[in-house]
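Q: Following the numbering used here, the numbering of the sequence shown begins with 1 at its first residue and continues without gaps.
Here you go, one structure.
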Amino acid sequence: MIRNITQPIKVIDNFFENPQLVVNHANKQDYIDQDNSLFLGTRSNSLDVINHDMFEKLLGKLIQHVVGKDQFTFLHSEYQNIGSECVDQMKVIGPSFNIAGTVFLTKENLIPDSGIKFYDSRTQIETMSIENMFNRCVLWNPQVPYKISNFADNTLMLTFYGTAVQRYPG
């Protein structure tokens, strides 16, 4: 049944039509360290709190790429600023959600081989590596282990996780 389809890893280049507007918005935010967060580094307040219109546009863009789903029942999104101390820590967001992702928002000072690596949950062997590229969105199943690698200080991303459903399942 379509309800049981899990989100495959998906890469969408040129995700935002005007990414510089998103970057400018992100740069105006205050960032705080949240030790209990699923994502590393410092983070802004949730996008739905700081700019509801931008949040609604993000929902509309994302749902087009979520396999077998047509609306979100929950989506947490925030800007994230990471540095070199945040790399090489494997994370799993977990089974409470069915979609996770990030949009890379830094175009300067990119370190070669920086990006996200995904792993087999049983063997911990790397299965895929996706390069950090400006305005690239990466979606994945939040039960898949991942880690970020080789990032420079002050790397900016928009990160999110949530639950998407199909309104009228077949």
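Positions of the beta carbon are idealized from the N, C-alpha and C atoms, including for glycine.
Could you check whether the region 138-150 touches the region 3-20, counting it as contact only if at least three pairs of C-beta atoms, one from each stretch, sit closer than 8 Å?
A: Counting Cβ pairs under 8 Å, three or more are found: they touch.
Q: Give the range of the alpha helix (DSSP H) segment to which PHE55 is assigned.
A: Looking at the DSSP string, the run of the alpha helix (DSSP H) that includes PHE55 is 52-63.
Q: Among the residues of its own chain, which have a CB less than 7 Å from the CB of MET54, if the five just before and after it don't count?
A: Correct list, in chain order: HIS25, LEU47.
Q: Measure the alpha-carbon distance for ASN132 versus TYR168 and round it to whole angstroms.
A: ASN132 and TYR168: Cα-Cα distance of roughly 36 Å.
Q: Buried or exposed: where does ASN227 fall if 16 or more other Cβ atoms within 10 Å of its Cβ makes it buried?
A: Any property of residue 227 remains undetermined from this structure, which presents the chain solely from 1 to 170.
Q: Given a threshold of 16 other Cβ atoms within 10 Å of its Cβ, counted over all protein chains shown, does LEU21 qualify as buried or as exposed?
A: Label assigned to LEU21: exposed.
Q: Looking only at DSSP bridge pairs, what is GLU126 linked to?
A: In the DSSP output, where bridge partners are listed per residue, GLU126 has TYR119.
Q: Just the C-alpha distance for GLU56 and PHE74, rounded to the nearest angstrom, thanks.
A: In a straight line, the C-alpha of GLU56 is about 12 Å away from that of PHE74.
Q: Cβ atoms of ILE93 and TYR31: under 8 Å apart, would you say?
A: No, Cβ-Cβ distance for TYR31 and ILE93 is not below 8 Å.
Q: Quick check on this structure: which residue in GLN71, VAL138, PHE151 has the alpha carbon closest to the alpha carbon of PHE16?
A: Closest option to PHE16, Cα to Cα, is VAL138.
Q: Could you tell me if MET1 is buried or exposed, where buried requires 16 or more neighbouring beta carbons within 10 angstroms of its beta carbon?
A: Low per-residue confidence applies at MET1: pLDDT is 38, beneath 50, and the placement is therefore not dependable, though the value from the model is reported in the following sentence. Label assigned to MET1: exposed.
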